[in-house]
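If you count by my numbering, then the sequence shown holds residues 724 to 1282, one letter each, in order. Idealized CB from N, CA, C, for every residue including glycine. Inspection log for the structure reproduced underneath, given as structure tokens.
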Amino acid sequence: MVLYEFKDLTYYYPQNSEPVLKGLDLNLEEGEFILLVGHSGSGKSSLLRMLGGLIPDFYGGRVEGSICYRGQKLRDWNRPALAQEVGMVFQNPEKQLLFRSVEREIAFGLENLGIPGVEMRRRIAEVMDFFGLHGLKQPQSTIDLSGGEKQKLVLASVVAMQPRVLLLDEPTSQLDPVAAEEILNLVKKLNEELGITVILVEQRLERCLHLADRTIVMGKGQIEAEGTPEEIVAWLAEKQNPFIPPVAKLFANLGFKPIPLTVKQGRRVIRKIIEGNGVIPKSDDKKEIGHLEGIKSNTKKAINLQKVWFSYPDSSEVLRGINLEIEAGEFVAIMGANGAGKSTLLRHLTALLQPDRGRVEVLGHNLKDLRPAEAAHWVGYLAQNPNHYLLNDTVEAELCFTLQNLGIKQGNLVDETLQSFDLTRYREANPRNLGEGEKQRVALASVLVSQPLVLLLDEPTRGMDWLIKNELGRLLKSLQHKKITILLVTHDIEFVAEYADRVILMYQGSIVADGSKHEVLSRGMFYAPQLNKLFQGVNNQVITHEDALKQMEAMAYDK
724 MVLYEFKDLT YYYPQNSEPV LKGLDLNLEE GEFILLVGHS GSGKSSLLRM
774 LGGLIPDFYG GRVEGSICYR GQKLRDWNRP ALAQEVGMVF QNPEKQLLFR
824 SVEREIAFGL ENLGIPGVEM RRRIAEVMDF FGLHGLKQPQ STIDLSGGEK
874 QKLVLASVVA MQPRVLLLDE PTSQLDPVAA EEILNLVKKL NEELGITVIL
924 VEQRLERCLH LADRTIVMGK GQIEAEGTPE EIVAWLAEKQ NPFIPPVAKL
974 FANLGFKPIP LTVKQGRRVI RKIIEGNGVI PKSDDKKEIG HLEGIKSNTK
1024 KAINLQKVWF SYPDSSEVLR GINLEIEAGE FVAIMGANGA GKSTLLRHLT
1074 ALLQPDRGRV EVLGHNLKDL RPAEAAHWVG YLAQNPNHYL LNDTVEAELC
1124 FTLQNLGIKQ GNLVDETLQS FDLTRYREAN PRNLGEGEKQ RVALASVLVS
1174 QPLVLLLDEP TRGMDWLIKN ELGRLLKSLQ HKKITILLVT HDIEFVAEYA
1224 DRVILMYQGS IVADGSKHEV LSRGMFYAPQ LNKLFQGVNN QVITHEDALK
1274 QMEAMAYDK
């Protein structure tokens, strides 16, 4: 049964002369698990908003063509009736949480639908059980939940309304690997066992490509390709598209057909080669990786923390005796579960927070003696929420604002930074009207335009597509070669494997692992890149695409 039917659909946001969706002809079937992929600004989120009835009712603008839901024009649907049919979960769960009580949060949507009390209590009990939320009952507040718990609660509150369709806009972008896997497994279970149609927008395809029944690739507001995950991976490989996930990318570059999608499928191929039942295809089309190696520095320490303890008011210790030294020019990634203390650690390095005990030094300065505004002259800091950085009416003004505040002459800095982040076309655009990926890039550009000596980044790749992430990685490596110290907090294991040099793993306010990326990531179970999982038992030191190609070449030579 056709659930959604698009006919020559075109959509313009208010005051925009260029459409964000162009002439879409598309049918979405009931019960499908559909994955929408594409670069930032390709129209994915706008399409999701259209499916949820938010466009044009909430966002305004002009719609041409038609979109029908269950045989009726979407604009003719009664709003409460559509809200019961179609549920939507956004990137940031905190934007959808309204109450301090877990059960009250789930009940809110049911109350708006006029569900009777007895039925409401049954539904709350069922979703609490399905999502494993019983341990989060009162008196625990939703404010104190981890990122994964908040996202599960938002998902539960939507599912309690028993929708036919679940729209998900990068629901795992802020989650650690374990929490992200749990959310996606729950979503797949909803699709398979309850028949809920799932339409998912996601950038980290290694997490979810194999879950979909159909994948739709978007570009410039149009559908570039659609098909099964296997068909789309073959298409992406042929087009040398950067969205192809790590395992598929490795086998595609080596000429394998069909291309394995998952670690499990890839390990079968590796096993056959080792046992002599498979061969590596001869291919003249191998891609250059272009990976920049890290640099070693004997200069003074950029960051030095000695026995740092910290707790927020009315909470237990968030940082517990942190000892950390980072040399100038190092590229260090901090990983760990939501709530491990990663972001709190970064804030201490900007003088936004002061330790209860211990000492924090940056570039030889004791931050106890400095205000955040003083530290900002040589420490650049990008927090998780890009909206906190968007204060002006144009993208260009955002970058100029940073330079003016720090008393730095503009010169060519603004033009060069806009070009580095592919933002020149948005120079005169209002940054608050951009998509989440573009907002993140503008916020990052506004920090980097001042060329800080120490760069602190909290989840900078959130909402970024593969192409922009690769550009960011190359930019950060070039900054590192200029002796810029980079400290990155992220859940993006694949990005860390490819670009960082050192990895720190935090757990409950303490550092539990610290070493080179090969040392830390090759010993992980969940905090390990796809390619490391692929070669476990063969060569545990493989973590990057370059490592994997060398290993495959070695296996071919052994033959």
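Val-725 is positioned such that its CB atom lies no closer than 8 Å to that of Val-809. Here Asn-908 is exposed. Its C-beta has fewer than 16 other C-beta atoms within 10 Å. Tyr-1222 is positioned such that its CB atom lies no closer than 8 Å to that of Gly-1247. In the DSSP assignment, Val-1085 falls within the unbroken beta strand (DSSP E) covering 1080 to 1085. Closest by C-alpha distance to Asn-801, out of Gly-788, Leu-836, Ser-768, is Leu-836.
Under DSSP, Ala-1056 shares a beta bridge with Leu-1211, Val-1226.
Given a length threshold of 4 residues, each whole run of the alpha helix (DSSP H) inside the region 887 to 939 is given here in chain order: 900 to 917, 928 to 931. In this structure, DSSP gives Asn-1000 a state outside helix and strand, which the three-state scheme calls coil.
The alpha carbon of Leu-774 has as its nearest neighbour, out of Gly-871, Gln-1174, Ile-922, the alpha carbon of Ile-922. Between Pro-1004 and Leu-977 a beta carbon distance of about 6 Å is seen, short of the 8 Å cut, so the two are scored as contacting. Of the residues assessed, Val-940 falls on the buried side of the cut-off, its CB having 16 or more other CB atoms within 10 angstroms.
With respect to the C-alpha of Glu-872, the residue from Leu-1122, Gly-788, Glu-828 having the closest C-alpha is Glu-828. Within the same chain, and ignoring the five residues on either side of Lys-875 in sequence, the residues whose Cβ sits closer than 6 Å to its Cβ are Phe-854.
In chain order, Ile-1216, Val-1219, Ala-1220, Val-1226, Tyr-1250, Ala-1251, Pro-1252, Asn-1255, Ile-1266 place their CB closer than 8 Å to the CB of Leu-1244, counting only its own chain and leaving out the 5 sequence neighbours on each side.
Between the alpha carbons of Val-1055 and Tyr-735 lies a gap of roughly 42 Å.
Here Asp-780 carries a coil assignment [DSSP, helix/strand/coil]. Sequence-distant partners of Leu-1028 (beyond 5 residues in either direction) whose C-beta falls short of 6 Å from its own C-beta, in its chain, are Ile-1045, Leu-1047, Val-1083. Cβ-Cβ separation between Gly-870 and Leu-898: approximately 5 Å, consistent with a contact (criterion under 8 Å).
DSSP, read as helix, strand or coil, puts Leu-1072 in coil. The C-alpha of Tyr-792 lies about 47 Å from the C-alpha of Arg-994.
Counting other Cβ atoms within 10 Å of its Cβ, Pro-803 stays below 16 and is therefore classed as exposed. Burial check for His-762: the Cβ neighbour count within 10 Å reaches 16 or more, so the residue is buried.
Annotation: Gln-1127 is outside any beta strand (DSSP E); the continuous alpha helix (DSSP H) that includes it extends over 1118 to 1129. If you draw a straight line from the Cα of Thr-1213 to the Cα of Arg-1070, it is about 15 Å long. Unbroken alpha helix (DSSP H) runs of no fewer than 4 residues, entirely contained in the region 1146 to 1224, are found at 1159 to 1171, 1189 to 1203, 1216 to 1222, following chain order.
Here Glu-1242 carries a helix assignment [DSSP, helix/strand/coil]. Within 10 angstroms of the beta-carbon of Ala-1096 lie fewer than 16 other beta-carbons, which makes it exposed.
Within the model, the alpha-carbon separation for Gln-1142 versus Arg-772 is close to 30 Å. Going by DSSP, Phe-729 is part of the beta strand (DSSP E) stretching over 725 to 735. If you compare the alpha carbons of Val-1085, Asn-1061, Val-1165, Leu-1076 with that of Lys-1023, the shortest gap goes to Val-1085. A distance of 8 Å or more separates the beta carbons of Leu-1126 and Val-1170. By the neighbour-count definition (other C-beta atoms within 10 Å, threshold 16), Asn-1128 is an exposed residue. According to the DSSP assignment, Val-1031 belongs to no alpha helix (DSSP H) but to the beta strand (DSSP E) extending over 1024 to 1034. In its chain, beyond the 5 residues on either side, Ile-996 have a beta carbon closer than 6 Å to the beta carbon of Met-1278. In this structure, the CA atom of Gln-988 is about 28 Å from the CA atom of Leu-751.
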